[in-house]
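Report on one structure; see the data block that follows.
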Amino acid sequence: MLVIHLGMSGQLLRAKSAREALERHTHVVFTFTQGGQLRFVDPRTFGEMFVATGDDVERQVPDLAHLGLDPIDDVISWSRFGERLRSRHTKLKTLLMDQRFLAGIGNIYADEILWGAGLRYDRSSETLSSQEIRRLARSMSETLQAAIKHRGSSLAD
Numbered sequence: 011m012l013v014i015h016l017g018m019s020g021q022l023l024r025a026k027s028a029r030e031a032l033e034r035h036t037h038v039v040f041t042f043t044q045g046g047q048l049r050f051v052d053p054r055t056f057g058e059m060f061v062a063t064g065d066d067v068e069r070q071v072p073d074l075a076h077l078g079l080d081p082i083d084d085v086i087s088w089s090r091f092g093e094r095l096r097s098r099h100t101k102l103k104t105l106l107m108d109q110r111f112l113a114g115i116g117n118i119y120a121d122e123i124l125w126g127a128g129l130r131y132d133r134s135s136e137t138l139s140s141q142e143i144r145r146l147a148r149s150m151s152e153t154l155q156a157a158i159k160h161r162g163s164s165l166a167d
């Protein structure tokens with residue numbers, strides 16, 4: 011199994027042909043026998059790749075064992091999400107970016123999610139009303155789905 015952590019600026023880009031020029035900051039290229047390539051591009055070099063064998067991936071890549079819920083793939087009700095929020099007693103932005111709480115949300119998306127929900131970054135998680143929890147859950151889903159649709163954030167470098 012190939013485990014990829016994109017870091018702050020990493021991307022996986024598909025090239026239809028190996029003849030296409032490499033993007034600046036390309037670090038790894040996978041060339042497919044049927045044609046085309048998958049390229050790992052990372053301007054800030056915070057990304058990582060691991061090859062894990064067998065079933066014990068979390069032992070081979072220990073950081074995986076500590077990851078929280080995947081905000082896109084893991085189905086969780088807004089009420090369960092609210093229980094988890096209220097039990098933490100932490101500022102909302104800090105909690106959204108805590109990889110042990112939710113995996114994959116960084117600074118940019120935490121800000122966008124909170125803006126969409128109409129909540130302050132420094133609001134304490136245990137003070138949210140049910141309506142605010144619903145807004146936060148909805149904003150998180152909408153923000154991340156829009157990010158996927160538009161291929162994430164972009165960097166000038």
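Heads up: the sequence shown begins at 11 in the working numbering, then just goes up one per residue. Backbone N, C-alpha and C fix where the C-beta goes; we use that ideal spot for every residue, glycine too.
| Query | Result |
| --- | --- |
| Closest Cα partner of Ile118 within the set Arg110, Phe111, Tyr131 | Tyr131 |
| Close-in-space but distant-in-sequence residues of the same chain around Thr36 (CB under 6 Å, 5 per side omitted) | Arg49, Val51 |
| Those residues which DSSP pairs with Lys101 across a bridge | Ser134 |
| Bridge-paired residues (DSSP) for Thr63 | According to DSSP, Thr63 bridges with nothing at all. |
| Proximity to Gln44 [Cα-Cα], best of Leu32, Ser27, Phe56, Thr55 | Ser27 |
| Option nearest Ile143 by Cα separation, candidates Ser87, Val38, Asp83 | Ser87 |
| Nearest to Asp108 (by Cα), restricted to the options Met59, Asp80, Ser151, Arg148 | Asp80 |
| Buried/exposed call for Met11, threshold 16 Cβ in 10 Å | exposed |
| Ile143: first and last residue of the uninterrupted alpha helix (DSSP H) it sits in | 140-159 |
| Any non-hydrogen atom of the ligand MN closer than 7 Å to Leu102 Cβ | With respect to the ligand MN, the structure shown offers nothing to examine, as it has no ligands at all. |
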